[in-house]
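Engineer: Sharing a structure below in structure tokens format, with a few things to ask.
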Amino acid sequence: MNLFEPPPFDYTSDYSAQQLYAPLKSRSSAPHLTHLHLGASLYVPCNHPHLVEIARGDKLSEVRSLIFCLEDSIEESQLEAALHNLERTLKTLEPRTGCLRFVRVRNPEVLRWVLGMEGVDLLDGFVLPKISTLTLGSYLLALPEHSGFWLMPTLETRDVFEESRMLELRGALEGVKHQVLSLRIGGNDLLNLLGLRRLRGKTLYQTPLSSVVSKLVSIFKPHGYNLSSPVYDIAHDPETLTLETRLDLEHGLFGKTAIHPSQIAPIEAEYRVNPLELRVAEATLKEGAPAVFLLENHMCEVATHKNWALEMCSRAEIYGVKG
């Protein structure tokens, strides 16, 4: 394959979906950035011929978060050229608002290479692939102390199927918890370990990964970690994508990988808040609210619904309200 041949999906077409969120500032000027600001994260291979234009916002300017990939989307023989393309891109960047920019590195050695590039400080952070207790330390050693980069470790090894391994990983992450913007679930890698792949019209929750997601949420989320949902790698099937995103939220996941710009609008439309839910959330957070009350046939208990209410109000502020 020609190194600079466009990937199967056309990332360069105009992004015509209505902007669903308010612009946000970059890492250096937005200390209160949270996982809710990620939205749908568009993956772009680092050998993409229009990487400069996409990274600068000249193309796909409304995309909320970008992940420039140096891992599975790049063949080993193309890695050096992809790194040079990324390096050329970083040199052209300027601080910008409204989009977060990450690099999915291949391994700790590639992370060191990227950290040495001019313009790396204009990235918001790194996606760390195939994280386990064995690999995490090597990545952390490669990062400069107090670098301030956000980290998004990806859970996609066979360790994910062993609860004890995930408990060990949670402990290993504790020292960098303040830098972990989200834990990403690598659905395709996990399905590959099972000899499976996604099918059109079937959600993640119709596969063996449904129980895996529930277990990961129960292990990590009570300890302050957000988990984002795997990609739905079938393009132009908004109905299934919409249903899956709705189920993601019901299972406690927020944020989702997109493989094509057309997936962003269906994903982020589901992040808008139902008007009824917003009314209930606002009433729950209202100063002087009774400890327990009934509203719109919903039993509201401030002590147990406060975290949910805070997230609903934040989502409404960022993505808006449905209808």
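Residue -13 is where the sequence shown starts when you use the numbering used here, and the numbers rise one by one after that.
Idealized CB from N, CA, C, for every residue including glycine.
#1: Along the chain, where does the alpha helix (DSSP H) that runs through Lys292 open and close?
#2: Could you check which residue in Ser214, Thr228 and Tyr218 has the C-alpha nearest to that of Ile245?
#3: Quick test of your reading: Leu179 and Thr193, contact by CB under 8 Å. State the CB separation rounded to the nearest angstrom.
#4: Quick check: Val307 and Leu264, are their CB atoms within less than 8 Å of each other?
#5: With contact counted as at least three CB pairs below 8 Å, one residue from each stretch, are the segment 125 to 135 and the segment 196 to 210 in contact?
#6: Do you know how far the Cα of Glu73 is from the Cα of Glu104?
#7: Per DSSP, Ile310 forms a beta bridge with which residues?
#8: If you draw a straight line from the C-alpha of Leu281 to the C-alpha of Ala302, how long is it?
#9: How do the segment 147 to 164 and the segment 216 to 232 stand: do at least 3 beta-carbon pairs fall below 8 Å, yes or no?
#10: Within 10 angstroms of the Cβ of Asn298, are there 16 or more other Cβ atoms? Answer buried if so, exposed if not.
#11: Report the rounded CA-to-CA distance for Leu177 versus Arg184, giving the unit in angstroms.
#12: Whole-angstrom Cβ separation of Ala67 and Glu254, contact assumed at under 8 Å?
#13: Under the rule that 16 or more other beta-carbon atoms within 10 Å means buried, what is Trp99, buried or exposed?
#14: Check this for me: beta carbons of Tyr211 and Leu169, under 8 Å apart or not?
#15: What alpha helix (DSSP H) runs, 4 residues minimum, are completely inside the segment 206 to 240?
#16: To test your reading of the DSSP string, which unbroken alpha helix (DSSP H) runs of 4 or more residues are found completely within the segment 110 to 182?
#17: Taking the alpha carbon of Ser196 as the point to measure from, which residue in His209, Asp110, Ser248 and Ile171 has its own alpha carbon closest?
#18: DSSP state of Ile60, grouped into three classes?
#19: Cα separation between Glu312 and Glu236?
#20: Taking the alpha carbon of Met138 as the point to measure from, which residue in Phe147, Arg151, Glu149 and Leu122 has its own alpha carbon closest?
#21: Whose C-alpha, out of Asn93, Leu109, Leu97 and His70, is nearest the C-alpha of Leu86?
#22: With distances taken Cα to Cα, identify the nearest neighbour of Leu120 among Val89, Arg156 and Leu101.
#23: For Thr243, does the three-state DSSP call read helix, strand or coil?
#24: Identify whether Val199 lies in helix, strand or coil by the three-state DSSP scheme.
#25: Which partner residues of Arg311 appear in the DSSP bridge assignment?
#26: Pro31 bridges to which residues according to DSSP?
#27: In angstroms, rounded to a whole number, what distance separates the CA positions of Ser51 and Pro94?
#28: In whole angstroms, give me the CA-to-CA distance for Glu149 and Cys286.
#29: Where does the unbroken alpha helix (DSSP H) through Val106 begin, and where does it stop?
#30: When you compare each of Thr189, Gly309 and Ser118 to Leu262 by their alpha carbons, which one comes out closest?
#31: Just list the residues that DSSP pairs Leu46 with in beta bridges.
#32: Rounded to the nearest angstrom, what separates Leu229 and Gly173 at their Cα positions?
Structural biologist: Well, looking at it:
#1: Counted as a single uninterrupted DSSP element, the alpha helix (DSSP H) harbouring Lys292 occupies residues Val288 to Tyr305.
#2: Restricting attention to Ser214, Thr228 and Tyr218, the CA atom closest to the CA of Ile245 is found in Tyr218.
#3: Leu179 to Thr193, Cβ: 12 Å. No contact.
#4: A contact, by the Cβ cut-off of 8 Å.
#5: The segment 125 to 135 makes no contact with the segment 196 to 210; the number of CB pairs closer than 8 Å stays below 3.
#6: Their Cα atoms are separated by approximately 7 Å.
#7: There is no way to answer for residue 310, as the model of the chain reaches only from -13 to 309.
#8: Taking the Cα positions, Leu281 is about 19 Å away from Ala302.
#9: With fewer than three CB-CB distances shorter than 8 Å, the segment 147 to 164 does not count as touching the segment 216 to 232.
#10: At residue 298 the sequence reads Met, which differs from the Asn that was named. Buried, since its Cβ has 16 or more Cβ neighbours within 10 Å.
#11: Rounded to the nearest whole angstrom, the C-alpha separation of Leu177 and Arg184 is 8 Å.
#12: Not confirmed; about 33 Å, so no contact.
#13: Trp99 comes out buried.
#14: Yes.
#15: Listed in chain order, the complete alpha helix (DSSP H) runs (minimum 4 residues) inside the segment 206 to 240 are 224 to 236.
#16: List check, alpha helix (DSSP H) in window: 119 to 128, 149 to 159 and 173 to 179.
#17: Comparing alpha-carbon positions, the option among His209, Asp110, Ser248 and Ile171 lying closest to Ser196 turns out to be Ile171.
#18: DSSP places Ile60 outside both helix and strand once states are collapsed to three, so it counts as coil.
#19: Any question about residue 312 goes unanswered here, given that the chain covers just -13 to 309.
#20: Looking at Phe147, Arg151, Glu149 and Leu122, the one whose alpha-carbon comes closest to that of Met138 is Leu122.
#21: Leu86 has its Cα closest to that of Leu109, out of Asn93, Leu109, Leu97 and His70.
#22: Residue Arg156 is the option with its Cα nearest to Leu120.
#23: In the three-state reduction of the DSSP assignment, Thr243 falls in the strand class.
#24: Correct three-state label for Val199: helix.
#25: The question about residue 311 has no answer here: the residues shown for the chain are numbered -13 through 309.
#26: In the DSSP output, where bridge partners are listed per residue, Pro31 has Cys55.
#27: Ser51 and Pro94 have their C-alpha atoms spaced approximately 23 Å apart.
#28: Rounded to whole angstroms, Glu149 to Cys286 spans 33 Å at the Cα level.
#29: No alpha helix (DSSP H) holds Val106; DSSP gives it neither H nor E.
#30: Minimum Cα distance to Leu262 is reached at Gly309.
#31: By DSSP's assignment, Leu46 forms no beta bridge with any residue.
#32: Leu229 and Gly173: Cα-Cα distance of roughly 17 Å.
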